[in-house]
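Numbering (my numbering), first residue to last: 9 to 76.
Glycine residues also receive a C-beta, built at the ideal position from the N, C-alpha and C atoms.
Predicted model, so just to flag it, every value in this text is computed and none were measured.
Notes to accompany the following structure.
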């Protein structure tokens, strides 16, 4: 999905931010549990970083280009 409309981008950003927060909570909960799965935590952290990069890229699309 290639969102170009600012409204679509804002909606997608909200979804991605929510997923990022959910992953953060899941990672914290999993890390504090006994016998935690390090591989799963690592995968979740990589997904969280990917989401962070995607969020930053989409946020930059919302900033209007100014000719200097």
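Determine the DSSP secondary structure at residue i, reduced to helix, strand or coil.
i: residue 37; result: helix
i: residue 26; result: helix
i: residue 12; result: coil
Taking a contact to mean a Cβ-Cβ separation below 7 Å, would you say residue i touches residue j in this structure?
i: residue 63; j: residue 20; result: no
i: residue 59; j: residue 49; result: no
i: residue 54; j: residue 31; result: no
Using only CA atoms, which one of the options lies nearest to residue i?
i: residue 16; options: 44, 66 and 36; result: 66
i: residue 51; options: 68, 61, 41 and 35; result: 35
i: residue 28; options: 61, 43, 71 and 69; result: 61
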